[in-house]
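Numbering (the working numbering), first residue to last: 5 to 163. For glycine and all other residues, C-beta sits at the position ideal for the given N, C-alpha and C. Please read all numbers here as calculations on a predicted model, not as lab measurements. Contents: one structure, followed by commentary.
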């Protein structure tokens, strides 16, 4: 079998190869289609912004369980962004290693003063990365009012 024929045969086999995603069987071809539909960070970053907004106001209300949940979800979204868009991987990983952990530490210690300082520093750095990545027109800012779609006050023993 010639090299070109072998390559084509391998492509055919891989296209039909299925893996379990944790939810369903999915082929390599379907994975490629899904990857192509992900339009950069344009889909992920708005959700990060919404969760960041909720994170701040949950912490401000002392709802540390909700703050920690939002922090974890933001972390996962940033990791997804780094994986999905390799050209931004280094910057996202650097932000996650250098600027983001202090926010999580303040949440764990339930210290709003430390949280607020770490949060604003992280936002400053995130906006600096936008500049670095030739997106100076993207400047996230914390809305002046809390989101109204979630109860931000802790219930029961969740403080």
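Ends of the beta strand (DSSP E) at residue 85?
Counting along the chain, residue 85 sits inside no beta strand (DSSP E); it lies in the alpha helix (DSSP H) bounded by residues 68 to 88.
Which value, in whole angstroms, describes the spacing of the CA atoms of residue 25 and residue 34?
11 Å
What does the alpha-carbon distance come out to for the pair residue 14 and residue 8?
10 Å
Can you tell me whether DSSP reads residue 29 as helix, strand or coil?
strand
Identify which residue in 127, 129, 128 and 106 has its Cα closest to the Cα of residue 118.
Comparing Cα positions, the closest option is 106.
Let me know the secondary structure DSSP gives residue 22 once reduced to three states.
strand
CB residue 58 to CB residue 116, shorter than 8 Å?
no
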